[in-house]
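Residue numbers (our numbering), protein chains in the order written: chain P, 421 to 576; chain V, 4 to 117.
By construction, the Cβ of each residue, glycine as well, lies at the ideal position given by its N, Cα and C atoms.
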């Protein structure tokens with residue numbers, strides 16, 4: 421059997437608390453899993469940025485339910501297609517918030533005009549290749565993915 | 004130490020930050036960074052070459068301190084050297100258009116002194 425076919429889709433799930441301390445736990449877990457499944461470092465860095473911003477949003481703006489219920493993380497690496505993909509889903513129990521539709525602050529023209537906030541949303545949109553949202557079982561499910569063509573595919 | 008500094012003169016200070024500027028990392032350096040960066044009439048180079056990860060919370064800290072410094076008559080520039088991931092994050096978020104960003108240290112020194 422084709423080895424790529426056997427190992428095509430690799431997934432893992434982790435539950436964390438919506439707490440600053442657990443953000444690094446999540447980053448380390450995602451990074452380790454992605455590296456084990458040959459996701460390039462540059463793509464892992466993009467996923468890590470998105471993951472941090474998504475969790476920071478839950479921690480900073482989440483309501484009591486978001487902060488008291490576990491945050492569920494799902495990571496998937498898909499090597500079945502010519503176009504490789506790694507995706508992370510962040511599921512939280514907070515009030516409905518669709519990051520894919522939330523408005524992004526206008527870019528300031530000077531340092532005086534710059535206001536803190538809004539950068540996380542911009543970063544998730546810019547660093548992900550695909551960004552989707554759904555409300556499911558009273559939870560927010562934000563999925564961001566990065567895509568790349570593997571070096572072996574390019575050489576063949 | 005995730006943050007340290009060097010004063011080259013009475014007005015020029017280099018602040019070197021290292022490690023992850025995520026929620027925890029930024030919180031760890033926030034007080035010291037503000038204290039070091041916001042002296043009156045100070046010119047400050049923030050050296051980010053040792054930063055392995057830059058999240059939006061870290062960028063917010065840089066912006067806040069750059070604004071505060073500017074309001075006190077000072078100026079901040081950022082030095083990233085060959086740290087491409089950090090440079091890209093700053094460019095993608097448009098921070099390089101608000102705070103001058105340099106990969107060359109002598110260019111950063113010239114700009115902050117101008």
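Listed along chain V, the residues sitting closer than 8 angstroms to residue 440/P by beta-carbon distance are 26, 27 and 30. Residue environment: residue 85/V is assigned as exposed (fewer than 16 neighbouring CB atoms within 10 Å of its CB, all protein chains considered).
Residues of the stretch 527-548 of chain P with a C-beta less than 9 angstroms from any C-beta of chain V: 527, 528, 529, 530, 531, 532, 533, 534, 535, 536, 537, 538, 539, 540, 541, 542, 543, 546 and 547, listed in chain order. The C-beta of residue 92/V comes closer than 9 angstroms to at least one C-beta of chain P. Under the Cβ distance rule, residue 493/P does not count among the residues neighbouring chain V, no pair being separated by less than 9 angstroms.
Just so you know, the alpha carbons of residue 428/P and residue 504/P end up roughly 10 angstroms apart. Residue 538/P sits close to residue 525/P, with the two beta carbons spaced by under 9 angstroms. One alpha carbon belongs to residue 83/V, the other to residue 499/P, and they sit about 34 angstroms apart. Residue 60/V and residue 36/V do not touch by the CB rule: their CB atoms are close to 12 angstroms apart, not below 8 angstroms. In this structure residue 564/P is in contact with residue 508/P, their Cβ atoms being roughly 6 angstroms apart against a cut-off of 8 angstroms. Looking at the DSSP output, residue 6/V bridges to 20/V. Secondary structure at residue 504/P: strand, using DSSP grouped into helix, strand and coil. Listed in chain order, the positions of the stretch 429-461 of chain P with a beta carbon within less than 8 angstroms of a beta carbon of chain V are 440, 441, 443, 444 and 447. Taking C-beta atoms as the reference points, residue 463/P and residue 550/P fail to come closer than 9 angstroms. Residue range 46-57 is occupied by the beta strand (DSSP E) that includes residue 56/V.
At least one CB atom of chain P sits nearer than 9 angstroms to the CB of residue 95/V. The beta-carbon of residue 486/P is placed no less than 9 angstroms from the nearest beta-carbon of chain V.
In this structure, the straight-line span from the alpha carbon of residue 33/V to that of residue 502/P is close to 44 angstroms. Its Cα nearest to that of residue 39/V, the residue 77/V stands out among 57/V, 77/V, 117/V and 111/V.
With a 10 Å radius around the Cβ and a threshold of 16 neighbouring Cβ atoms, residue 29/V comes out buried. Judged by DSSP in its simplified three-state form, residue 437/P adopts coil rather than helix or strand. Distance from residue 467/P to residue 476/P at the Cβ level is roughly 15 angstroms; contact not present, criterion being Cβ atoms closer than 8 angstroms. Taking a 10 Å sphere around the C-beta of residue 557/P, we find fewer than 16 other C-beta atoms and assign the residue as exposed. Taking a beta-carbon distance threshold of 9 angstroms, residue 513/P does not count as an interface residue toward chain V. A buried status is given to residue 447/P, since no fewer than 16 other beta-carbon atoms sit within 10 Å of its beta-carbon.
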